[in-house]
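Numbering (the working numbering), first residue to last: 7 to 331.
Yeah, the Cβ is synthetic: ideal placement off N, Cα and C, and Gly gets one too.
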Ligand SMILES: [Mg+2]
C-alpha cells in the first residue's frame, strides 16, 4: 500500500512521468495522501460561485477531494471580509484568504510559524494590508468624476436595495458587500456606445491619482497599490518558507484574475455565463477549462488531481524572491 500511495502522490499535480497511471488507478481506493506541497488559489464570483446564483454545488466533490488531500484552498476575491467569512465557515475552510482584489491578506493566527513582517493582529488573524484605505478611494472617485465629466456610482452611493437589484445578492449578503475597506466597485452612467472611450478616460484619471481601475463582472473596481497577484505572491512566499518547494494553481474567470494567473504555476480559466471564456488576454500556461463557473472549477481540479500527469503548463517550482514574509 505504501508504494502505491507513493506512486499516486508522484503522479498527481507534479507533472511526473506517465507510466504509473495504471498503478495509480489500482490505488484509487487507498486513502488520499496529503499533498503538502500544493496550494490552490481561487476567485469566487463566476468561478467557485455561480455568477447568478452564487451557488457552488458543482464544485462540492472537488472541494472534498482537496480537503481529503489537505490542499489549502485560498480564496482570492474582490469580495469583502464580511462576505468571505460566512462562506469560509460554510466550506469548513481554515486557510488564509485575500479580500477586495488584494487589498488585504487574512491569515489565521498561528497558521504559519514563520514571522509575518508588516502584519498586525486583528480578531484572531494576522492581517497584512496592501491596499489603499476606502475613504481615500471614495475621495478619488469624486475627483475622477469631476475630471472626466461623467457620473460614477460607487457602492457607497447605492442603497442596499440598489445593490440587491444590480447583483442579485440576498439582502444580508448585499449588506456585507457594502462593508468595504480597500476597493470601491462602481458603475459608469453612460451610453453603452460611449462606454469604452469613457472607461479609458476614467482609467487615465485614476492612474494620475496613483490608482487602478479593474473590470470584474458587473462592476468596475477602483483600487490602489495592489492586485490579486501581489497578495498571492506574499502567501506563496510564506508557504515556500514554511514548507519548502511548493506547486501552486489558480482558478479564475475574468481579467481581474490575470495578476493571480501570472504568479501561479497552473492557471485555469473557467467559462463565463452563456458559455465561452473571457477574451482579450493571454497568460503563459493558461488552461481554458470547459464548464461555466463552478462546473469549470471542478474540471480544473480534476485535471490537477487526475492520476495521469497533467502535462500543460510549467510545474517546476522556482524559489520565489523574498517579498514580505
Ligand atoms: Mg470572478
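Apart from the 5 residues on each side of it in sequence, residue 171 has no Cβ closer than 6 angstroms to any other Cβ in its chain. DSSP, read as helix, strand or coil, puts residue 196 in coil. Shortest gap from the CB of residue 223 to any heavy atom of ligand 1: under 7 angstroms.
Nearest to residue 121 by alpha-carbon distance, out of 219, 196, 248, 192, is 248. Secondary-structure assignment with DSSP links residue 79 through a beta bridge to 46. Taken through DSSP and simplified to helix, strand or coil, residue 293 comes out as strand. Counting only runs of at least 4 residues, the region 139-185 fully encloses the following alpha helix (DSSP H) elements, listed from N- to C-terminal order: 140-154, 166-173, 177-183.
Ligand 1 has no heavy atom closer than 7 angstroms to the beta-carbon of residue 204.
The count of Cβ pairs closer than 8 angstroms, one atom from the region 203-216 and one from the region 112-131, stays below three, leaving the stretches out of contact. With a cutoff of 7 angstroms, residue 258 counts as near ligand 1, since its C-beta is closer than that to a heavy atom of the ligand.
Looking at 97, 186, 73, 124, the one whose alpha-carbon comes closest to that of residue 144 is 186. At least one heavy atom of ligand 1 lies less than 7 angstroms from the C-beta of residue 51. Per DSSP, the unbroken alpha helix (DSSP H) holding residue 245 starts and ends at 234-249. Counting every other CB atom within 10 Å of its CB across the protein chains shown gives residue 136 a total of 16 or more, marking it as buried.
Separation of residue 71 and residue 261 (C-alpha to C-alpha, rounded to the nearest whole angstrom) is 28 angstroms. The region 54-63 and the region 293-307 touch, with no fewer than 3 CB-CB distances between them shorter than 8 angstroms.
For residue 88, the enclosing alpha helix (DSSP H) stretches over residues 87-97. Note on geometry: alpha-carbon atoms of residue 285 and residue 100 lie some 33 angstroms from one another. Taking C-beta separations shorter than 8 angstroms and ignoring five residues to either side along the sequence, the partners of residue 52 in its chain run 223, 259, 260, 276, 278, 279, 299, following chain order. The three-state secondary structure of residue 51, taken from DSSP, is strand.
Assignment of beta-bridge partners to residue 228 by DSSP yields 190, 219. Its Cα nearest to that of residue 117, the residue 241 stands out among 241, 266, 253. As DSSP reads the structure, residue 277 sits in a beta bridge with 298.
Closest option to residue 226, judged by alpha-carbon separation, among 178, 208, 140: 208.
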